[in-house]
Amino acid sequence: MELPDELALPVPDARLRAMREDDWRLEQTLSRVPDVPPWTYYPADLTSEDARDRVARSLALRSQRRGARFVVEREGAAVGMVGLELRTDVPSVYYAFLPAGRRLGLATEAVRAVARWVLDHGAHEVRASTRLENVASERVLERAAFRRDGTGAGQDGTVVTLWVREPTVE
Numbered sequence: 001m002e003l004p005d006e007l008a009l010p011v012p013d014a015r016l017r018a019m020r021e022d023d024w025r026l027e028q029t030l031s032r033v034p035d036v037p038p039w040t041y042y043p044a045d046l047t048s049e050d051a052r053d054r055v056a057r058s059l060a061l062r063s064q065r066r067g068a069r070f071v072v073e074r075e076g077a078a079v080g081m082v083g084l085e086l087r088t089d090v091p092s093v094y095y096a097f098l099p100a101g102r103r104l105g106l107a108t109e110a111v112r113a114v115a116r117w118v119l120d121h122g123a124h125e126v127r128a129s130t131r132l133e134n135v136a137s138e139r140v141l142e143r144a145a146f147r148r149d150g151t152g153a154g155q156d157g158t159v160v161t162l163w164v165r166e167p168t169v170e
């Protein structure tokens, strides 16, 4: 499956584009937003070298068609990231936004666009997870047509809420 370089967003002056090498600054900035590491798997306070390594790993996964990360831009500025994991039998999405990109509908539309693309390209469902009590992230998934699907263990062993979106939902 050929991963897209860009996905349309129905938000004026916004776009969703494939991550590039120079997006390490966004990675570093996201790691320094106080509420991003506790609610996501972003390590806190990435160094520039660690941020570059993180982007390089993402680009390698993309070249292997095992995942993709997209940068959400608004008015030309990077304000968030949406990722797609294809390393398992069921694709999953994840995301993180800077404060400047929140409460604008960008997260919902970006997650919706990535999920729609995956479903349009043969997946029978798309998954996501949120840490317990991450209400803002739960609302993003609800608005993007995901439904709760129980709880499970996150990558770090914490309990997470599981979410699913199927092709018939829009």
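According to the UniProt record's numbering, the sequence shown is numbered sequentially starting from 1.
Don't be surprised by glycine CBs; every beta carbon is placed ideally from N, CA and C.
Pull up the CB-CB distance for residue i and residue j, whole angstroms please, since I reckon it's below 8 Å.
i, j, result
"L9", "E109", "5 Å"
"A78", "L26", "4 Å"
"T130", "T161", "5 Å"
Look up residue i in the DSSP assignment and give the residues it is bridged to.
i, result
"E6", "R17"
Is the closest heavy atom of the ligand PLP to the C-beta of residue i under 7 Å?
i, result
"S58", "The ligand PLP is not part of this structure, which contains no ligands at all."
What are the uninterrupted segments assigned as beta strand (DSSP E) that are 3 or more residues long and contained completely in the UniProt domain "N-acetyltransferase" (14-169), given in chain order?
14-18, 67-74, 77-85, 92-97, 126-131, 147-153, 159-165
Would you check if there are 3 or more beta carbon pairs closer than 8 Å linking the region 134-144 to the region 96-109?
yes
For the 8 Å Cβ check, are there 3 or more pairs between the region 45-54 and the region 131-139?
no
Meets three-Cβ-pair contact criterion under 8 Å: the region 84-95 and the region 29-37:
no
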